[in-house]
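Set out below in structure tokens:
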């Protein structure tokens, strides 16, 4: 049965790669198929309807709420002008020095990446940042890559990501936080190295801002002006609470929302309108990832069924290296499999594979955390199908494949660093 399950998984990957089915739908169908192949009954204990669908769908509810709060905070950073002000101040400080401007935009992207991810994060930093970098002579591919590398550098501190890995891998938040702190130096070093190397290697290109890009920042500046200096601390508030005071993730993020609202709105009537307007807008942004997390929860419930674990355990154990050196070597070579929604993409079939590795006892859960988070650093930057990569590339006027080729060596090195830490610490 294990071979049949693997063949069904391969068919699911093919359906996602060829875009025959949306990722969320494909994962749900895959979960139901795995459950039936594993011998699960239709109803009752360890069943398709009651266990896989009923219990699996809300399994990542805390993550979905965290995603919603992150999207809400992102909407506030946009509407109140906080994100735009941060980028403009950096650009004004950098002047006509391309490397300084790029490093400044990278810093803002990192800060935004701690709040929210995907296309909203890229837009918050990139709407002004990408045209500004192009205007001072930074190549278009480098400009798009700078935004993405910055977001990835902030990803180890993105609180919804902490919640996702904590719930999906059944690990306490302090354990997730501890590994993320170890991964951050690799992500930051790669991001800074990308800017320093690519801006110098490619030289200065005298290309000006895109027409479609230049109009929007000016109009937003006219509408919003600069946010107060104390409001610019908004992205730091959830981090200080979660890291410094170990406040739970959801209250920390809600505190960030309230801080942004109180420091940028003076009239109570306007505060109420902004509160509701940005919340409703956040639901639109968060809808797609929330659907995906429902599907991932269902898939995790399916692969953890006793029949599925029993069928897959000998096969997965046979190909899973236990020696630390082989562990690092094998999983480093497999990095491309997390691209193009591949089988190691943690926001797809990779979540199911992670569940199998833990349920079968092949690796400790914290080692699987190291694998998943390291692969996620690659996916978040270089995958041509990820929304942030597509948006950044198209906004800069290049293709996602060009961005992938330029950024992949750097994030591959980040994954290697994560695997080394995992092997040295947890194996």
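In our numbering, the protein residues as written are 105 to 531.
For every residue, glycine included, the Cβ atom is placed at its ideal position computed from N, Cα and C.
| Asked | Found |
| --- | --- |
| From residue 136 to residue 109, what distance separates their C-alpha atoms? | 11 angstroms |
| Identify, in the order they occur along the chain, each residue of the same chain with its Cβ nearer than 7 angstroms to the Cβ of residue 519, setting aside the five sequence neighbours on each side. | 436, 439, 478, 479, 481 and 482 |
| Just to confirm, is the Cβ distance from residue 247 to residue 238 under 8 angstroms? | yes |
| Express the C-alpha separation of residue 195 and residue 205 in angstroms, rounding to a whole number. | 6 angstroms |
| Look up residue 334 in the DSSP assignment and say whether it is helix, strand or coil. | helix |
| Going straight from the alpha carbon of residue 90 to that of residue 268, what length do you get? | Residue numbering for the chain in the displayed model covers 105 to 531; residue 90 lies beyond these limits and cannot be assessed. |
| Under the three-state reduction of DSSP, which class applies to residue 457: helix, strand or coil? | helix |
| Under the three-state reduction of DSSP, which class applies to residue 449: helix, strand or coil? | coil |
| From residue 489 to residue 371, what distance separates their C-alpha atoms? | 42 angstroms |
| Which full runs of the beta strand (DSSP E) of 3+ residues lie inside the stretch 228-280, going along the chain? | none |
| Starting from the C-beta of residue 516, find all residues in its chain whose C-beta is less than 6 angstroms away, skip the five residues before and the five after it, and write them out in chain order. | 439 |
| Going by beta-carbon coordinates alone, are residue 456 and residue 407 separated by less than 8 angstroms? | yes |
| Give the C-beta separation of residue 260 and residue 298 to the nearest angstrom, bearing in mind that I take them to be a contact with Cβ-Cβ under 8 angstroms. | In fact, because the Cβ distance is near 16 angstroms, the residues do not count as touching under 8 angstroms. |
| Is the stretch 179-187 close to the stretch 278-285, with three or more CB pairs under 8 angstroms? | no |
| How is the alpha helix (DSSP H) around residue 510 delimited, first residue to last? | 504-530 |
| If you follow the alpha helix (DSSP H) that residue 444 is in, where does it begin and where does it stop? | Careful: residue 444 lies outside any alpha helix (DSSP H) and carries neither H nor E. |
| Around the Cβ of residue 124, are there at least 16 other Cβ atoms within 10 angstroms (buried) or fewer (exposed)? | exposed |
| Buried or exposed for residue 498, please, with buried defined as at least 16 other CB atoms from any protein chain shown within 10 angstroms of its CB. | exposed |
| DSSP three-state label for residue 355, please. | helix |
| Name the two residues that bound the continuous alpha helix (DSSP H) containing residue 381. | 372-407 |
| Name the residue from 118, 182 and 105 whose alpha carbon lies nearest to the alpha carbon of residue 46. | Here the chain has residues from 105 to 531 only, and residue 46 is not among them. |
| Whether or not the stretch 382-400 and the stretch 198-214 are in contact is what I'm after, with contact meaning three or more pairs of Cβ atoms, one per stretch, closer than 8 angstroms; do they touch? | no |
| Rounded to the nearest angstrom, what separates residue 128 and residue 160 at their Cα positions? | 13 angstroms |
| Assuming residue 176 contacts residue 382 (C-beta within less than 8 angstroms), just tell me the rounded distance between them. | 6 angstroms |
| Is it true that the CB of residue 422 sits closer than 8 angstroms to the CB of residue 138? | no |
| At what residues does the alpha helix (DSSP H) containing residue 128 begin and finish? | 127-141 |
| Select from 213, 228 and 198 the residue whose C-alpha is nearest the C-alpha of residue 178. | 228 |
| Could you check the C-alpha separation between residue 155 and residue 216 for me, to the nearest Å? | 37 angstroms |
| Only counting the same chain, and skipping five residues up and downstream in sequence, which positions put a Cβ closer than 8 angstroms to that of residue 203? | 299, 300, 303 and 304 |
| Is residue 400 closer than 8 angstroms to residue 121 when the C-beta atoms are compared? | no |
| Identify which residue in 241, 249, 201 and 115 has its Cα closest to the Cα of residue 505. | 249 |
| Measuring only the C-alpha atoms, how far is residue 487 from residue 378? | 34 angstroms |
| Please go through the same chain and pick out, in chain order, the residues whose beta-carbon is closer than 7 angstroms to the beta-carbon of residue 410, but skip the five residues on each side of it. | 150 |
| Starting from residue 418, trace the alpha helix (DSSP H) both ways and give me its first and last residue. | 410-423 |
| Buried or exposed: which applies to residue 200, given that a residue is buried once 16 or more other Cβ atoms fall within 10 Å of its Cβ? | exposed |
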